[in-house]
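Sequence order for the protein chains is A and B.
Here this note's numbering is used: the first residue of the first sequence is -8, the next is one more, and so on.
Here this note's numbering is used: the first residue of the second sequence is 1017, the next is one more, and so on.
Glycine is no exception: its CB is placed at the ideal position from the N, C-alpha and C atoms.
So the structure is just underneath, and the comments pick up after that.
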Amino acid sequence: DVKGAFFSYDWIKNVDGLQAVEVKEDWLQGEFERSIVVSVQPRYIPEDEFDPLQNGVVLHITKGSRVFKPTKEQLALDEAGITNGQWYYVALSIPTVVVIFFVFMYFFLYANGNNRDFTDVTRNALNKKRRVLGKFSEMKRFKNMKNHKYTELPSYKKTSKQN
Amino acid sequence: ARQGIRPKEKMTTSEEVQNWKRTIYKSIVEIVTPTVIAGVTFSAKPEETPNPLKPWVSLGHDGKAKTIKPKIDKGQTKKGTPDYSTYFKTASAHTYSYDELKAHNMDPNEVFEEVEFIDEDDTYVSLNPIIRCTPHNYFFKGFAKDISSEPFCTPYHTSRWKVGETYFVTWYTRFFEHEHSGEVADEVRVHLSYVKESYADKGNYKR
């Protein structure tokens, strides 16, 4: 009846000033944690005048602890040697597959060593590195350049002293 | 190889809480039905011989019940049953004239005023083993811890309640006095409402 309240207890005698509250999972509405306000309405305040947020305590209701510790039953099973070791098989199988692959690869390459011919690939690669520039006079950039033709350097007759 | 652990047998008791009768207000006979909530027995039959070191039930900050066992240390009782001072007593002022008192140190025209505290009716209060809420036990909330939690003593602000567990909400009964008549509310009820949490506060627990 009170606006905004999702759960209201029945009227109780205000003798002891206490109310036991058992937290229900439905109150979480599928969430892990919710914040609620607890408030107390005296009889002399009508429902439509009572504001549950005016004098209330804010608290959180949670499904459980976020740090999941092993339960007593789980510890007893572990002690008895009964474990759920699926993760162990997964963790072990991945490196095993990788090692087997590399061993197979080694023998495959060893067996086919004589049948491999990559010369055409390597030749092209090497030819790219050893590119020949060509003649200087045929280069586009220097074609029209008036360069003096090579002539022999002037030679002089050797004097008798040089001999 | 490890030896398997055999779970221990749980201790059970065949003792059941049974109804009992008592006489209240001198002549009215009443049958009392004890109830057990979260391990706490309400309306239990009092012991034949009163035990001064009888355990009582306190509440944690979240409102969870915990049993306190009083003990005697160096002749003094420690962790004894809580004393509620005059929080649940009614103050009554009496005015005495000289003719009524005839006090030797009083003037004939003088009027003497005395405040007397009258104990509350503990017929039903005595059946509650849990510590009662008084303003002395209020906590403070807010960033500066300057806002009183009245009328609540438990649970503390931003406590965490787990699903499936039972907690006790406690409040000071005399907080709910009618502003005109001054009478304490005879009946109350507890409401639970959802509040939207700000993103700043969300998930900050334990940080």
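Grab the span of the beta strand (DSSP E) containing residue i for me, first residue to last.
i	result
valine -7/A	Run containing valine -7/A: none; DSSP gives neither H nor E here.
proline 86/A	Segment 77 to 102 is the alpha helix (DSSP H) holding proline 86/A; no beta strand (DSSP E) there.
threonine 1102/B	Where threonine 1102/B is concerned, there is no enclosing beta strand (DSSP E), given that its DSSP letter is neither H nor E.
aspartate 1089/B	1087 to 1089
leucine 1208/B	1203 to 1210
glutamine 1034/B	Where glutamine 1034/B is concerned, there is no enclosing beta strand (DSSP E), given that its DSSP letter is neither H nor E.
glutamate 1046/B	1044 to 1048
glutamine 10/A	9 to 13
threonine 1093/B	1092 to 1094
tryptophan 18/A	No beta strand (DSSP E) holds tryptophan 18/A; DSSP gives it neither H nor E.
isoleucine 27/A	24 to 33
threonine 1057/B	1056 to 1058
leucine 50/A	47 to 53
leucine 1232/B	With chain B covering 1017 to 1223 only, the question about residue 1232/B has no answer from this structure.
threonine 1170/B	1168 to 1170
lysine 1051/B	Per the sequence shown, the amino acid found at residue 1051/B is threonine instead of lysine. Counting along the chain, the beta strand (DSSP E) containing threonine 1051/B begins and ends at 1051 to 1053.
Less than 8 Å between the CB atoms is what I'm expecting for residue i and residue j, so what's the real figure, rounded?
i	j	result
valine 14/A	valine 29/A	At roughly 11 Å, the Cβ-Cβ gap does not stay under 8 Å, so valine 14/A and valine 29/A are not in contact.
cysteine 1149/B	tryptophan 1187/B	5 Å
valine 1211/B	serine 26/A	5 Å
arginine 1205/B	aspartate 1/A	6 Å
phenylalanine 1184/B	alanine 1119/B	In fact, because the Cβ distance is near 49 Å, the residues do not count as touching under 8 Å.
phenylalanine 1156/B	serine 1142/B	That belief does not hold up - the Cβ atoms of phenylalanine 1156/B and serine 1142/B are roughly 31 Å apart, past 8 Å.
tyrosine 1112/B	aspartate 1123/B	Wrong, their Cβ atoms sit about 13 Å apart, outside the cutoff.
leucine 44/A	serine 1209/B	7 Å
threonine 1083/B	proline 1071/B	5 Å
isoleucine 1021/B	alanine 71/A	6 Å
valine 1179/B	threonine 1189/B	About 29 Å; that fails the 8 Å criterion.
lysine 4/A	glutamate 1203/B	6 Å
tyrosine 1140/B	valine 6/A	5 Å
threonine 1057/B	proline 1050/B	6 Å
isoleucine 1088/B	threonine 1182/B	Not quite, the Cβ-Cβ distance comes to about 32 Å (not below 8 Å), so this is no contact.
phenylalanine 23/A	threonine 62/A	Rounded, the Cβ-Cβ distance is 19 Å, inconsistent with contact.
Determine the DSSP secondary structure at residue i, reduced to helix, strand or coil.
i	result
threonine 1065/B	coil
phenylalanine 1191/B	helix
threonine 1111/B	strand
valine 112/A	helix
serine 1197/B	coil
lysine 120/A	helix
tryptophan 2/A	coil
lysine 1080/B	coil
valine 1185/B	strand
histidine 1152/B	helix
leucine 144/A	coil
arginine 1176/B	strand
glutamate 1132/B	strand
serine 1164/B	strand
arginine 132/A	helix
How far does the alpha helix (DSSP H) with residue i in it extend, from its first residue to its last?
i	result
glutamate 70/A	63 to 70
Taking only beta-carbon atoms, is residue i less than 7 Å away from chain C?
i	result
valine 112/A	Going by chain labels, chain C is absent from the structure shown, which instead holds the protein chains A and B.
Anything in the stretch 1018 to 1049 of chain B with a Cβ closer than 7 Å to a Cβ of chain A? List those residues in chain order, please.
-> Arg1018, Gly1020, Ile1021, Pro1023
Residues of the stretch 16 to 28 of chain A with a CB closer than 9 Å to any CB of chain B: list them in chain order, please.
-> Glu16, Trp18, Leu19, Gln20, Glu24, Arg25, Ser26, Ile27, Val28
Is the stretch 1168 to 1177 of chain B close to the stretch 1074 to 1085 of chain B, with three or more CB pairs under 8 Å?
-> yes
Please list the residues of the stretch 1162 to 1184 of chain B that have a C-beta atom closer than 7 Å to any C-beta atom in chain A, keeping them in chain order.
-> Ser1165, Pro1167, Phe1168, Pro1171, His1173, Thr1174, Ser1175, Arg1176, Trp1177, Lys1178, Val1179, Gly1180, Glu1181, Thr1182, Tyr1183, Phe1184
Can you find at least 3 beta carbon pairs, one from the stretch 35 to 52 of chain A and one from the stretch -8 to 3 of chain A, that sit closer than 8 Å?
-> yes
Is the stretch 1035 to 1049 of chain B touching the stretch 1058 to 1066 of chain B in the sense that three or more CB pairs, one from each, lie closer than 8 Å?
-> yes
Chain A contacts made by the stretch 1202 to 1215 of chain B, where a contact means CB separation under 8 Å | Asp1202, Glu1203, Val1204, Arg1205, Val1206, His1207, Leu1208, Ser1209, Tyr1210, Val1211, Lys1212, Glu1213
Are the stretch 1101 to 1112 of chain B and the stretch 1131 to 1139 of chain B touching, with three or more C-beta to C-beta distances below 8 Å?
-> yes
Would you list, in chain order, the members of the stretch 1121 to 1140 of chain B that have their beta-carbon closer than 8 Å to a beta-carbon of chain A?
-> Tyr1140
Which of the residues in the stretch 48 to 75 of chain A, read from start to end, lie with their CB under 8 Å from any CB of chain B?
-> Val48, Val49, Leu50, His51, Ile52, Thr53, Lys54, Gly55, Ser56, Arg57, Ala67, Glu70, Ala71, Gly72
Pull out every residue of the stretch -1 to 12 of chain A whose Cβ sits closer than 7 Å to any Cβ of chain B, in chain order.
-> Ser(-1), Tyr0, Asp1, Trp2, Ile3, Lys4, Asn5, Val6, Asp7, Gly8, Leu9, Gln10, Ala11, Val12
Counting pairs of beta carbons, one from the stretch 1192 to 1199 of chain B and one from the stretch 64 to 79 of chain A, are three or more of them closer than 8 Å?
-> no
Relative to chain A, which residues along the stretch 1080 to 1114 of chain B have a C-beta separation below 8 Å, given in chain order?
-> none
Interface positions of the stretch 26 to 45 of chain A facing chain B (Cβ-Cβ less than 9 Å), listed along the chain | Ser26, Ile27, Val28, Val29, Ser30, Val31, Gln32, Pro33, Arg34, Tyr35, Ile36, Phe41, Pro43, Leu44
Where the stretch 1058 to 1069 of chain B meets chain A: residues whose CB sits under 8 Å from a CB there = none
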